[in-house]
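Going by numbering that gives the first Met the number 0, 136 is the number at position 137 of the sequence shown; the sequence numbering is gapless.
Have a look at the structure below, then the notes.
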Amino acid sequence: MTIFYNGNTFKYEMENILKLFYPVRRFQHIYESREYPADEYVSIDAAPAGDSVSDLSVTVKKGDFFRTLKTSNHPEADAEMECARLLYRILHELTGVRPQWGVLTGIRPVKWVQRRLAAGKTLEEIRREFEQELYITPEKIDLSFRIAEAQREILADNAPKDFSLYVSIPYCPSRCSYCSFVSHAITGQKARALVPEYLDKLVKEIAFTAEIAREIGLRLRTIYIGGGTPTALSAEELRQVTDAIAACFPLDAGVEYTIEAGRADTITREKLQVIREAGATRISINPQTFEDAVLEAIGRKHTGQQVVDCYELARQMGFSSINMDLIAGLPSDSYEGFCRSVDKAVSLDPENVTVHTLSLKRSSALFQEMSGDEDYSAVQKMVEYAYQALTSAGYEPYYLYRQKNTRGNLENVGYAKPGHFGKYNVYIMDEIQTILAAGAGAVTKIVLPGDIERLYNYKYPYEYISGFDDILAKKQRLKILL
């Protein structure tokens, strides 16, 4: 599909809106031209007039469908969003699809609520804005309000000198078809050969980070070891990481400590014992689905029963706070199959269940396989079922984020039993706390008054190893900023 821009450069928002309706389409962008193709195009026209825009016009042509919407006299600062609203209305008419988050394309809807509450707006005023200006459905507005309320106590407990530690293990036993994370199949000879040197450098970065945190006077609140799949490492390699953390950071009783045990084909009693001895307070055992055919379709090398076995083993070993991830909209999954997975998770009774909606990342193998337009209704029904089933079972939604190219323009929601909200998840999604990160692909987020500065580590293990001195030099900046 080709998008024409005349009198404007509104590419960012226009492409975002188009992706809500056509997530796997590719778009061509042409500026200052009216040589439209006969069959299919979008035209965005704006006529500037000082500090305002005298005329805005959006046209969509697709086969026999042809529609133009116009408006005028908008402040220049609002012109792009107004075009987004016009385009949304036309595409809704064309496709019959109503993305439930409306024209809101940001990844943190709950922050919109919190910022407006902090500015003195009432819930009624926020609801009116969300419905009338952003076209968000009442169900999603209610969800945002509910999560904002659930987070209040955690957010109020955060102090300026608090921080969290994130440690990246960028390895997996194999790559899932939907994955776009920086991770390597650890079974590959080249990847496996780099692990010892990678861990050696990682341990040094952990120690360097701890030293800086002590110099600045920061207080550790949460630790999160993720990836990748941390349990793709051997028990001995995993202990190398947890021992480094224990040696460098104070693991007080109040520190939340999460380790993603992840995939069932990586979990053993020996690795769980390492995690227990490290003092981790939360772990993740992530099925994504309990449907064996779907697991096979996405490249997982385990069965649903193996997930259950790992979960029961973790319970036997004394783990009392376990998260399970599920994904709505996986290839070959059905509404009925997804509902069975939700019901299975509820029957196991973990303290946390995170329900993701599949995001069609352009760098994933799955994206390359998909084409054409799609029906969102099945995925929306999956997400709605999960909400009803989990809240009925006593789980509270407590954090939410969205990703680009998510099926149905939907969201990822963390649910938890009372007393088991994952603080790290709230901190990182609300961006109210500094996150010091170590490892390949890790991003340190420095929260400053009115701003966030990011320090990016090299993405891949071989880059991380070769550029390690640069990473440490860059981290010295923390002493200036904090």
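Note that the Cβ used here is the ideal one computed from N, Cα and C, for glycine as well.
### Task
Leaving out five residues on either side along the sequence, give the residues of the same chain with a beta carbon under 6 Å from the beta carbon of Ala385.
Val341, Val354
### Task
Give a yes or no on contact between the segment 205 to 220 and the segment 259 to 279, applying the rule of three or more CB pairs nearer than 8 Å.
no
### Query
At which residue ranges does the segment 26 to 104 contain complete alpha helix (DSSP H) runs of 4 or more residues, listed in the order of the chain?
75 to 94
### Residue closest to Leu447, alpha-carbon to alpha-carbon, out of Pro159, Lys18, Ile146
Pro159
### Message
I need the DSSP call for Arg281, collapsed to helix, strand or coil.
### Response
strand
### Message
Report the start-end ranges of each beta strand (DSSP E) in the segment 140 to 197 that is 3 residues or longer and not cut off at the edges.
### Response
161 to 168
### Task
Would you mind stating whether Ala147 and Gln113 have Cβ atoms separated by less than 8 Å?
yes
### Query
Which of the three DSSP states, helix, strand or coil, is assigned to Gln315?
helix
### Query
Roughly how many whole angstroms lie between the Cα atoms of Gly303 and Leu357?
19 Å
### Query
Straight-line CA distance for Leu294 to Ala118?
46 Å
### Task
Please report the residue range of the beta strand (DSSP E) in which Thr351 lies.
Here residue 351 is Asn; the residue named in the question, Thr, does not match the sequence. Asn351 -> beta strand (DSSP E) spans 351 to 356.
### Task
Report the rounded CA-to-CA distance for Leu435 versus Thr94, giving the unit in angstroms.
44 Å
### Query
If you check the beta carbons only, do Asn322 and Leu19 fall under 8 Å apart?
no
### Query
If you draw a straight line from the alpha carbon of Ala246 to that of Val166, how long is it in whole angstroms?
15 Å
### Task
Count the CB pairs spanning the segment 214 to 234 and the segment 417 to 435 that are closer than 8 Å, and state whether there are at least three.
yes
### Task
Just list the beta strand (DSSP E) runs in the segment 204 to 292, keeping only unbroken ones of 3 residues or longer that don't cross its boundaries, in chain order.
218 to 226, 255 to 261, 281 to 284
### Task
Report the residue from Ala344, Gln402, Arg107 whose alpha carbon sits nearest the alpha carbon of Asp308.
Ala344
### Query
Does DSSP put Pro137 in a helix, in a strand, or in coil?
helix
### Task
Using three-state DSSP, classify Leu477 as helix, strand or coil.
helix
### Message
Using a Cβ-based criterion (distance less than 7 Å to any ligand heavy atom), does Tyr170 qualify as near the ligand ATP?
### Response
The ligand ATP is absent from the structure shown, which contains no ligand whatsoever.
### Task
Give me the Cα-Cα distance between Gly6 and Glu81, rounded to the nearest whole angstrom.
15 Å
### Message
Is the beta carbon of Val23 closer than 8 Å to that of Val41?
### Response
no
### Query
From Leu201, Leu154, Ile185, Pro169, pick the residue whose C-alpha is nearest to that of Tyr459; which is it?
Pro169
### Query
Nearest to Asn157 by CA position, among Pro137, Gly253, Leu347, Glu138, is which residue?
Gly253
### Message
Looking at the secondary structure, which residues open and close the beta strand (DSSP E) in which Leu19 lies?
### Response
No beta strand (DSSP E) contains Leu19, which is instead part of the alpha helix (DSSP H) from 10 to 20.
#### Entry: Contact check, Val96 vs His73, beta carbons under 8 Å
no
### Message
Here's the rule I'm using: 16 or more other beta-carbon atoms within 10 Å means buried, otherwise exposed. How should Tyr463 be labelled?
### Response
buried
### Task
Would you give the residue range spanned by the alpha helix (DSSP H) that Lys380 belongs to?
376 to 391
#### Entry: Reference Tyr398, options Arg406, Gln27, Val412, closest by Cα
Val412
### Query
Terminal residues of the continuous beta strand (DSSP E) containing Ile297?
Looking at the DSSP string, Ile297 is not in any beta strand (DSSP E), and its letter there is neither H nor E.
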